[in-house]
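To keep things clear, I will list the structure first and then write my remarks on it.
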Amino acid sequence: VYSISFAEGNYALESFYEMGGSPYSYVETGTYSVSGNVLTMTPEAGTAAEGVVHVNGSIEAPVKPSEMGERALRTLNPMDEFPLEDEYEGTHTVSAMGGEVVYTYTLTFTDGNYAFASNYVMGETPYNYQETGTYSVSGNVLTLDPATADPMDGLIHVNGSIDAPIKASSQADRALHLMTPVEEVVE
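So, in structure tokens, the structure goes:
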């Protein structure tokens with residue numbers, strides 16, 4: 001039986017097994033990173049090994065079952081829902097009206113409700129788009145249910161970022177946009 005916990009760029013792998021009727025355990029710690037859907041785990045006493053993060057929240061992790069065992073990819077499923085932060089931010093740039101338009105987003109989650117705001121300037125005129133609704137989380141799937149549109153699914157990533165199904169403006173189509181948790185500045 002395998003268990004991996006991830007926190008702040010570090011991981012802890014626990015392996016529980018039985019040999020000759022006796023129970024054993026093995027613990028490995030190290031650092032990890034995620035780029036796209038590639039999970040890289042680097043044990044404190046070893047070399048980096050790659051795995052895969054799947055859309056459904058499961059991972060194929062490079063697991064070493066015991067101190068003497070060979071490292072192999074094993075599929076692990078999330079034990080519970082991925083955590084969702086209170087506030088996310090993001091930007092994206094598009095070409096429009098002979099120039100570039102930069103959209104700046106914030107998405108706030110509170111007690112099953114969400115509020116989304118998009119700000120941008122086009123042709124020297126500032127614009128703002130806002131949307132509210134409810135949300136739910138199942139595993140790593142984030143569902144936004146806007147008050148004025150059909151629900152749409154996004155993703156919560158292992159690294160804490162989300163792909164949120166949002167509209168950049170009232171004229172835009174709903175699409176997934178990458179957003180990261182807002183970092184609180186401590187003075």
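Just so it is clear: in the sequence shown, position 177 is 177 by our numbering, and no numbers are missing.
From the three backbone atoms N, C-alpha and C, an ideal C-beta is built for every residue, glycine too.
None of these values were measured; they are calculated from a predicted model.
Own chain partners of residue i with C-beta closer than 8 angstroms, once the 5 adjacent residues on each side are dropped
i: residue 25; result: 14, 15, 16, 17
i: residue 54; result: 37, 60
i: residue 96; result: 122
Selected residue, minimal CA-CA separation from residue i, among the options
i: residue 106; options: 161, 97, 124; result: 161
i: residue 19; options: 69, 143, 30; result: 69
i: residue 149; options: 166, 142, 141, 156; result: 166
i: residue 159; options: 179, 98, 134, 95; result: 179
i: residue 139; options: 152, 157, 151, 125; result: 157
i: residue 99; options: 124, 90, 109; result: 124
i: residue 67; options: 145, 29, 184; result: 29
Buried versus exposed, by CB contacts within 10 Å (16 or more), residue i
i: residue 23; result: exposed
i: residue 8; result: exposed
i: residue 48; result: exposed
i: residue 172; result: exposed
i: residue 121; result: exposed
i: residue 154; result: buried
i: residue 112; result: exposed
i: residue 73; result: exposed
i: residue 21; result: exposed
Residue i: first and last residue of the uninterrupted beta strand (DSSP E) it sits in
i: residue 165; result: 162–166
i: residue 121; result: 113–122
i: residue 63; result: 59–63
i: residue 84; result: Looking at the DSSP string, residue 84 is not in any beta strand (DSSP E), and its letter there is neither H nor E.
i: residue 12; result: 10–19
Spatial neighbours of residue i in its chain, beta-carbon cut-off 6 angstroms, leaving aside the 5 residues before and after
i: residue 65; result: 15
i: residue 130; result: 117
i: residue 108; result: 87, 115
i: residue 94; result: 101
Cβ separation of residue i and residue j, assumed to be a contact under 8 angstroms, to the nearest whole Å
i: residue 137; j: residue 84; result: 6 angstroms
i: residue 34; j: residue 12; result: Residue 34 to residue 12, Cβ: 16 angstroms. No contact.
i: residue 10; j: residue 31; result: 6 angstroms
i: residue 181; j: residue 88; result: 6 angstroms
i: residue 164; j: residue 142; result: 7 angstroms
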